[in-house]
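> Mind looking over this structure? Questions follow.
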Amino acid sequence: MKKKIRDPEKFDAFELFSSLSLKHSYNINDSSALNDFISRVKKSLESSVKNKTLAYGKRTEALFAYVAGALGEVKFLKQEDSGELFFSGDEIQAPDYQLILNNKEKILVEVKNCNNKNPDQKFMLKMDYVEKLKRYADINQLPLKFAIYFSRWKMWILIPLEVLQKIDNSYVIDYTTAAPYSQMNRLGDAFIITQKP
Numbered sequence: 383m384k385k386k387i388r389d390p391e392k393f394d395a396f397e398l399f400s401s402l403s404l405k406h407s408y409n410i411n412d413s414s415a416l417n418d419f420i421s422r423v424k425k426s427l428e429s430s431v432k433n434k435t436l437a438y439g440k441r442t443e444a445l446f447a448y449v450a451g452a453l454g455e456v457k458f459l460k461q462e463d464s465g466e467l468f469f470s471g472d473e474i475q476a477p478d479y480q481l482i483l484n485n486k487e488k489i490l491v492e493v494k495n496c497n498n499k500n501p502d503q504k505f506m507l508k509m510d511y512v513e514k515l516k517r518y519a520d521i522n523q524l525p526l527k528f529a530i531y532f533s534r535w536k537m538w539i540l541i542p543l544e545v546l547q548k549i550d551n552s553y554v555i556d557y558t559t560a561a562p563y564s565q566m567n568r569l570g571d572a573f574i575i576t577q578k579p
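In the numbering used here, the protein residues as written are 383 to 579.
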């Protein structure tokens with residue numbers, strides 16, 4: 383699988399400036415606006431670097447893209463949760479990726495990292511957050527899957543929303559429950575099982 387080379391310094395920086403210019407009334411020809419923009423980006427980046435949850439999350443997202451691309455059954459993989467989004471109705475949330483498989487099946491994937499020590503320990507997602515993802519998937523008429531990296535076991539699990547259990551205001555899953563329902567094989571993953579000697 384090839385990666386489309388972009389120029390993030392050129393295009394993403396300009397996109398970010400354009401987005402912030404609406405909020406802060408920047409004029410692109412005003413040097414004080416450019417200085418304020420650079421100062422805000424610096425503060426945001428310094429804060430983000432200290433946020434371990436964000437750092438692990440972004441690293442796991444990137445890892446999933448490389449794993450999915452290398453397994454052999456993904457024809458197209460696109461970051462879904464970037465760029466501006468316009469919609470009507472209830473709040474929505476774009477998942478991390480859209481995938482098109484070799485069999486032409488399209489899916490949306492939200493990537494998560496789970497570092498639970500016990501395989502039966504529940505991994506929780508807020509119901510409101512999941513419902514926003516679901517509404518986005520429904521608008522696009524695509525199935526929503528969750529790719530959870532159980533880092534203690536170095537295992538990826540790809541599951542549909544229906545496998546998650548509703549408990550109070552959360553959706554929950556644990557490794558033991560999720561593993562039998564994993565659909566990573568649809569991306570080309572496989573297990574080799576041998577008989578005990």
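We put the CB at the ideal spot given by N, CA and C, even for glycine. As the structure is a computational prediction, the values presented were derived from the model and not from experiment.
1. Within 10 angstroms of its Cβ, does Leu-467 collect 16 or more other Cβ (buried), or is it exposed?
2. If distances are taken between C-alpha atoms only, which option among Asn-484, Pro-579, Glu-544 comes closest to Arg-568?
3. For Tyr-479, which beta-bridge partners are listed by DSSP?
4. Helix, strand or coil for Lys-527, going by three-state DSSP, please let me know.
5. Check the DSSP bridge columns for Phe-532 and list the partner residues they point to.
6. How should Phe-446 be labelled, buried or exposed, when 16 other C-beta atoms within 10 angstroms of its C-beta is the threshold for buried?
7. Please say whether Ala-561 and Ile-539 have beta carbons closer to each other than 8 angstroms?
8. Can you grab the Cα-Cα spacing for the pair Trp-415 / Leu-402, in whole Å?
9. Taking Cβ positions, are Glu-492 and Leu-515 nearer each other than 8 angstroms?
10. For Ile-521, which of helix, strand or coil comes out of DSSP?
11. Using the beta-carbon count (16 or more within 10 Å), is Ile-521 buried or exposed?
12. Would you say Leu-402 lies against chain D (beta-carbon separation less than 8 angstroms)?
13. If you drop the 5 nearest sequence neighbours on each side, which residues of the same chain put their C-beta closer than 8 angstroms to that of Val-423?
14. Whose C-alpha, out of Gln-523, Glu-473, Arg-388, Lys-434, is nearest the C-alpha of Ile-489?
15. State the beta-bridge partners of Pro-542 as determined by DSSP.
16. Rounded C-beta distance between Ser-564 and Met-509? I'm assuming under 8 angstroms.
17. Since Met-383 and Val-456 are thought to touch, with beta carbons under 8 angstroms apart, how far apart are those beta carbons, to the nearest angstrom?
18. Cutting at 8 angstroms between CB atoms, please list the residues of its own chain near Met-537, excluding the five before and the five after it.
19. Apart from the five residues just before and just after Ala-437, which ones in its own chain have a Cβ nearer than 8 angstroms to its Cβ?
20. What's the gap between the Cα of Phe-505 and the Cα of Arg-534?
21. Could you give the distance in angstroms between the alpha-carbon of Asn-498 and the alpha-carbon of Thr-435?
Result, derived from the coordinates:
1. With fewer than 16 Cβ atoms within 10 Å of its Cβ, Leu-467 is classed as exposed.
2. Closest option to Arg-568, Cα to Cα, is Asn-484.
3. According to DSSP, which records beta bridges pairwise, Tyr-479 is partnered with Gln-461, Val-491.
4. The answer is strand: DSSP assigns Lys-527 an E or B state.
5. For Phe-532, which the question treats as bridged, DSSP gives the partners Cys-496, Met-537.
6. Counting Cβ neighbours within 10 Å, Phe-446 comes out buried, since at least 16 surround it.
7. For Ile-539 and Ala-561, yes; Cβs fall inside 8 angstroms.
8. The question names Trp, yet the displayed sequence has Ala at residue 415. Going from the Cα of Ala-415 to the Cα of Leu-402 covers about 10 angstroms.
9. In this structure, the beta-carbon distance from Glu-492 to Leu-515 falls below 8 angstroms.
10. Ile-521 carries a helical assignment under DSSP once its states are collapsed to helix, strand and coil.
11. By the Cβ-count criterion, Ile-521 is exposed, with fewer than 16 other Cβ atoms from all chains shown falling within 10 Å of its own Cβ.
12. Although the question refers to chain D, the structure presented lacks it and comprises just one protein chain.
13. Answer for Val-423: Leu-398, listed in chain order.
14. The shortest C-alpha separation from Ile-489 is found at Gln-523.
15. In the DSSP output, where bridge partners are listed per residue, Pro-542 has Lys-527.
16. Contact between Ser-564 and Met-509 fails: their C-beta atoms lie close to 23 angstroms from each other, not under 8 angstroms.
17. Sure, about 7 angstroms apart at Cβ, within 8 angstroms.
18. For Met-537, where only same-chain residues beyond five positions count, the Cβ hits under 8 angstroms are Tyr-531, Tyr-557, Ala-561.
19. Answer for Ala-437: Ser-430, Val-431, listed in chain order.
20. Distance between the alpha carbons of Phe-505 and Arg-534: 13 angstroms.
21. Taking the straight line from one Cα to the other gives about 14 angstroms.
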